[in-house]
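In the working numbering, the protein residues as written are 60 to 437. Cβ atoms here follow ideal geometry from the backbone N, Cα and C, with glycine treated the same way. To keep things clear, I will list the structure first and then write my remarks on it.
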């Protein structure tokens with residue numbers, strides 16, 4: 060399989076020759092030889108790499124989630140690096156765009172709506188449209204395939220982690236979501252996508268042949284990416300997702316959790332592609348730092364069968380049942396994560412997981428049809 064960067068390179072960079080390029084990128088944008096896109100474009104004949112723009116976690120991907128990033132310069136190429144994740148600054152400024160001929164996006168996403176890299180892309184597309192600047196996406200695979208799960212974001216919710224009106228697990232590649240975004244906002248934008256070669260919607264990242272790079276410090280495995288659209292929702296609660304342990308987003312826990320009971324129930328819930336194990340851990344940082352936590356480890360046995368939102372829904376229901384006095388969900392935050400008011404309201408009413416999941420599926424039925432016109436791959 061070839062990424063958009065590989066295809067661009069194979070074509071001799073003809074789409075960018077003679078142009079001053081701004082590149083939105085980070086450590087995940089590597090070519091087939093493992094070279095970063097910055098180095099590839101800096102050395103490309105006839106291409107002038109004039110500016111680098113970095114997302115959350117920074118240009119090198121080492122900063123923790125939520126940490127603000129300052130502007131800098133790349134020590135290897137000397138090209139200025141503009142942060143798109145600073146305090147009150149998540150969009151490229153008109154000043155940073157004024158001397159460019161094209162703005163290029165090349166970052167590996169993980170397929171969950173609340174993961175911020177594609178919001179950065181969306182914001183940049185909007186600023187490029189205002190500036191009359193062409194926008195190009197060097198496409199990359201959706202590492203968890205093209206399947207859809209979870210509710211479509213409600214219209215009255217709009218945050219950096221809750222921006223596109225798509226399901227929690229949206230099934231799009233970056234290029235496809237760019238096409239969707241242009242259509243959604245009716246952007247007057249010269250948009251192009253350098254397509255993948257050899258990818259299909261059933262293909263997970265481990266089948267692509269692309270070098271694995273942790274997209275952010277706590278997403279370290281494909282299995283974590285598969286589970287993230289569900290377990291990530293626990294970040295709107297007082298349950299740890301394993302930050303500060305060796306298995307973030309493979310585990311959830313808390314000092315007060317009746318984890319052994321929850322494990323037994325989850326293993327009987329008929330959740331496909333996973334097994335649940337009791338595991339006690341002590342996070343070295345973040346939530347419950349230094350405190351022993353009762354927890355649930357999730358073993359992924361079949362990535363293609365996993366429905367992460369279903370796992371979260373069942374787990375949250377059981378936490379409310381067994382740990383009602385201790386388990387708390389932040390109403391505003393869980394609306395951002397799930398994209399829906401239904402989850403919080405139905406859970407508080409005590410509705411069963413099956414009813415909540417059915418509401419999710421009803422929410423995304425129309426999107427499944429709408430999404431087809433933006434698909435670039437079978």
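For residue 240, the enclosing alpha helix (DSSP H) has its first and last residue at 233 to 244.
The alpha-carbon separation between residue 399 and residue 367 amounts to approximately 16 Å.
Boundaries of the beta strand (DSSP E) around residue 84: 79 to 84. Bridge partners of residue 217 according to DSSP: none are assigned. Between the C-alpha atoms of residue 149 and residue 249 there is a straight-line separation of about 22 Å. Less than 8 Å separates the beta-carbon of residue 376 from that of residue 406. Boundaries of the alpha helix (DSSP H) harbouring residue 377: 367 to 381, taken from the DSSP string. Listed in chain order, the non-local C-beta contacts of residue 304 below 6 Å within the same chain comprise 340, 342, local neighbours out to five positions each way being set aside. Inclusion of residue 401 and residue 210 in the CB contact set at 8 Å is warranted, their separation being smaller than that value. In this structure, DSSP gives residue 428 a helical state, which the three-state scheme calls helix. Distances from the CA of residue 132 to each of 125, 119, 123, 126 were compared; the closest alpha carbon is that of 119. Following the DSSP letters along the chain, one finds residue 109 inside the beta strand (DSSP E) bounded by residues 107 to 113. Distance check between residue 171 and each of 182, 164, 208 places 208 closest, using alpha-carbon atoms only. Distance from the CA atom of residue 204 to the CA atom of residue 404, rounded to whole angstroms, is 30 Å. Looking at the DSSP output, residue 359 shares a beta bridge with 333.
For a cut-off of 8 Å, the C-beta gap from residue 158 to residue 109 is around 6 Å, short enough to register as a contact. For residue 330, the closest of 314, 363, 306, 436 by C-alpha to C-alpha distance is 363. Each residue's CA atom was taken as its position, placing residue 218 and residue 107 some 34 Å apart. For residue 437, the secondary structure class from DSSP, reduced to helix, strand or coil, is coil.
The Cβ atoms of residue 96 and residue 165 lie closer than 8 Å to each other. DSSP places residue 209 inside the beta strand (DSSP E), whose first and last residues are 208 to 211. Between residue 392 and residue 295 the beta-carbon gap is near 4 Å, inside 8 Å, which marks them as a contact. The Cβ atoms of residue 136 and residue 269 do not sit closer than 8 Å to each other. Between the segment 225 to 232 and the segment 413 to 432, the count of C-beta pairs closer than 8 Å reaches three or more; the two stretches touch. In this structure, the alpha-carbon of residue 98 lies about 14 Å from that of residue 140. Relative to residue 432, the option among 215, 236, 183 whose CA is nearest is 236.
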